[in-house]
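**Student:** Following numbering that gives the first Met the number 0, the numbering of the sequence shown begins with 0 at its first residue and continues without gaps. Ideal Cβ positions, reconstructed from N, Cα and C, are used throughout, including at glycine. Keep in mind it's a predicted model, so treat the numbers as computed, not measured.
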Amino acid sequence: MRCILIILDGIGDRGHTCFEGKTPLQMAYTPNLDYLSSVGMNGLYHSLMQGIPMSSETAHFLIFGYEMEEFPGRGYIEAIGNGIPVQEREVAVLCHICCVEHKNDNLILTWGRPEIAYEEAKELKRAIESFETNKIKIHLIPANGIDGFLILSGEVTDTITDSDPIYEGKAVMEIMPTGQKKIPSSSRKTSAILNKYLIWCYQTLSNHQINQNRLASNFPPVNTLVTQRAGKRKNLTPFNEKWGLRGLSISSGAIYWGLCNELGMDVTKVKDTDNIEEDLKYRLRLAKDAHDYDFIHVHTKMPDEAGHTKNPWYKKEVIEAVDRAMSVAVDELITDREALLVITADHSTASSGTMIHTGETVPLTMVGKYVRKDSIHAFDEISCATGGLGMVRGKELMHLILNFLDRAKMQGLMDTPVDQPYYPGKYKPLRL
Ligand SMILES: [Zn+2]
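(1) Could you check what DSSP says for Gly147 in three-state terms: helix, strand or coil?
(2) Counting Cβ pairs closer than 8 angstroms, one from the segment 52-59 and one from the segment 67-80, do we hit at least three?
(3) Determine the direct distance from the alpha carbon of Ile295 to that of Phe403, and round the result to whole angstroms.
(4) Apply the 10 Å Cβ neighbour rule to Ser350 and answer buried if 16 or more other Cβ atoms are within range, or exposed otherwise.
(5) Measure the C-alpha to C-alpha separation of Val85 and Asp146 and round it to an integer number of angstroms.
(6) Rounded to the nearest angstrom, what separates Arg282 and Tyr65 at their Cα positions?
(7) Among Leu401, Gly82, Ala91, Ser37, which one has its Cα closest to the Cα of Arg245?
(8) Have a look at Pro362 and Val370 and give me their C-alpha separation to the nearest angstrom.
(9) Using DSSP bridges, identify the partner residues of Asn194.
(10) Could you tell me the distance, in whole angstroms, from the CA atom of Thr308 to the CA atom of Val171?
(11) Please determine, among Glu89, Ile79, Asp373, Gly257, the residue with the shortest C-alpha to C-alpha distance to Gly387.
(12) At which residues does the alpha helix (DSSP H) containing Ile76 begin and terminate?
(13) Is any heavy atom in ligand 3 found nearer than 6 angstroms to the beta carbon of Asp12?
(14) Looking only at its chain, what residues have a beta carbon closer than 8 angstroms to the beta carbon of Tyr34, apart from the 5 residues adjacent to it on each side?
(15) What residues in its chain sit with their C-beta under 8 angstroms from that of His376, if we drop five residues either side in the sequence?
(16) Assign Lys188 to one of two classes, buried (16 or more other C-beta atoms within 10 Å of its C-beta) or exposed (fewer than that).
(17) I'd like the list of long-range same chain contacts for Gly14, defined as Cβ closer than 8 angstroms, with 5 residues on each side in sequence excluded.
(18) How many angstroms separate the CA atom of Glu77 from the CA atom of Gly168?
(19) What whole-angstrom Cβ distance do Leu285 and Ile249 have, given they're in contact under 8 angstroms?
(20) Where Met409 and Lys124 are concerned, what is the direct C-alpha to C-alpha distance, given to the nearest angstrom?
(21) When the Cα atoms are used, what is the spatial distance from Val266 to His346?
(22) Which residues in the same chain as Pro423 place their Cβ atom closer than 6 angstroms to its Cβ, once the five residues preceding and following it in sequence are excluded?
(23) Nearer than 6 angstroms: is that true of the beta carbon of Ser55 relative to any heavy atom of ligand 1?
(24) Measure from the alpha carbon of Val221 to the alpha carbon of each residue in Asp293, Asp335, Ala120, Leu193, then state which is nearest.
(25) Is it right to say Gly243 is buried, meaning 16 or more other beta carbons lie within 10 angstroms of its own, or is it exposed?
(26) Is there at least one non-hydrogen atom of ligand 1 closer than 6 angstroms to the beta-carbon of Gly9?
(27) If the criterion is Cβ atoms closer than 7 angstroms, does the pair Lys134 and Gly153 meet it?
(28) Going by the DSSP bridge assignment, what does Leu296 pair with across the sheet?
(29) Would the segment 149-166 and the segment 87-104 be scored as touching if the rule is three or more Cβ pairs under 8 angstroms?
(30) DSSP on Ser36, reduced to helix/strand/coil?
(31) Relative to the alpha-carbon of Phe378, which residue among Met26, Cys2, Pro311, Tyr201 has its alpha-carbon at the smallest distance?
(32) Do Ile127 and Leu139 have their CB atoms nearer than 7 angstroms?
(33) For Val90, count neighbouring Cβ atoms within 10 angstroms of its own Cβ and tell me buried if that reaches 16, exposed if not.
(34) For the beta strand (DSSP E) that Arg213 lies in, which residues bound it at each end?
(35) Over what stretch of residues does the alpha helix (DSSP H) that includes Ser440 continue unbroken?
(36) Any heavy atom of ligand 1 inside 6 angstroms of the beta-carbon of Asp271?
Structure, rendered in structure tokens:
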């Protein structure tokens, strides 16, 4: 059997006053998702712990059965996903240029993601592309628009805080070593050098001709650089070795490509167009035909992006387009008796409030020949709560997948020196 795991990114939401306390998923017309829940086993899922708003990359990492402590950091996986080589000991940090105002010796964020012509953004980034002090090198690799990656080399570490305050009106933050006990000198050094670099960026960009011109035309200067989510390579057990499944990801974002690549899964890169329904149908058909794999991750970012608009009506519409695409799952995927279909999300993205993502659970449905069928008939955050799976957390999902693929190992059996969760493992045959 093989598993097709469909992640409807950020589909979970909050109750909204305009929907009389219901979520966009509860309000949306979703006959296909509802049908799938009615022939399957349902529950709720959280990749870590209820209430914790997860980022997509950490949630995916936990969904794939890894531990939070092993996470390499988004800066690293996004750089890798964009094809940027990051060496073993280097650190990659997400960064972007933005607008700040100098006030009482602080830099107050006034425009987090400013509009600026492509060529001008490129030139500003070029002005701050390299910095070296104390045998630590910082190199800025430009990405789209105002974004980029800092690649740090020398005695550096990723155990440092961010400088991006995200919310406008807040001061740019001093970068500090993370943790409170036994702070390694490399963390202190990395933080100190990055802080120096940020101040240099502010000075260099403030004096740049492009910003002088912007000021003259009454546009705020794009005069600083902020950083987020440092990361570096970690030694991870490949997905196939960990779960005994050959993995494939069908996804459209650099963080999924980078993460799956790091886990040794294959990746089919797809593009997002403005046709949500056709994009997802295409991915589901790719999954249907991917018979060389026993674990296929199919991803759509669209419900998450709709949530970020903070418009619950729009999110409801996007969910309805996603549901139309799910007709492929009804007509072509669950008809395969050797397929286990799992539908869930990585986190909730509330279309109200100020948070980026939120910590509520998301619905989970499993359809396959070995699952128990419960009495749920709707795929949403409330209906699924009383389903047969109950509350599922973290890597419990991967164990359930192995169980319903009929591949899980009974506790106590030891066919290999490492106690892997699947059976049979890659054991050593006795030789005569
Ligand atoms: Zn996500």
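**Tutor:** Answer, in terms of the structure:
(1) In the structure shown, the three-state DSSP call for Gly147 is strand.
(2) yes
(3) 15 angstroms
(4) buried
(5) 17 angstroms
(6) 25 angstroms
(7) Per the C-alpha coordinates, the member of Leu401, Gly82, Ala91, Ser37 positioned closest to Arg245 is Leu401.
(8) 16 angstroms
(9) Answer by DSSP bridge pairing: none, since Asn194 is not bridged.
(10) 25 angstroms
(11) Asp373
(12) 73-80
(13) Ligand 3 is not among the ligands present in this structure, which contains only ligand 1.
(14) Val329
(15) Asp33, Ser36, Ser37, Ser382, listed in sequence order.
(16) Buried, by the Cβ-count rule.
(17) Gly20, Lys21, Thr22
(18) 28 angstroms
(19) 5 angstroms
(20) Rounded to the nearest whole angstrom, the C-alpha separation of Met409 and Lys124 is 55 angstroms.
(21) 22 angstroms
(22) Cβ within range, chain order: Asp414.
(23) yes
(24) Ala120
(25) Taking all protein chains shown into account, Gly243 has 16 or more neighbouring C-beta atoms within 10 Å of its C-beta and is therefore buried.
(26) yes
(27) yes
(28) Per the sequence shown, residue 296 should be read as His rather than Leu. His296 is bridged to Leu4, Ser248.
(29) Yes, the segment 149-166 is in contact with the segment 87-104.
(30) Helix, per DSSP.
(31) Met26
(32) yes
(33) buried
(34) Not the beta strand (DSSP E): Arg213 falls in the alpha helix (DSSP H), residues 208-215.
(35) Past the boundaries of the shown model lies residue 440; the chain is included only from 0 to 431, so the question cannot be answered.
(36) no
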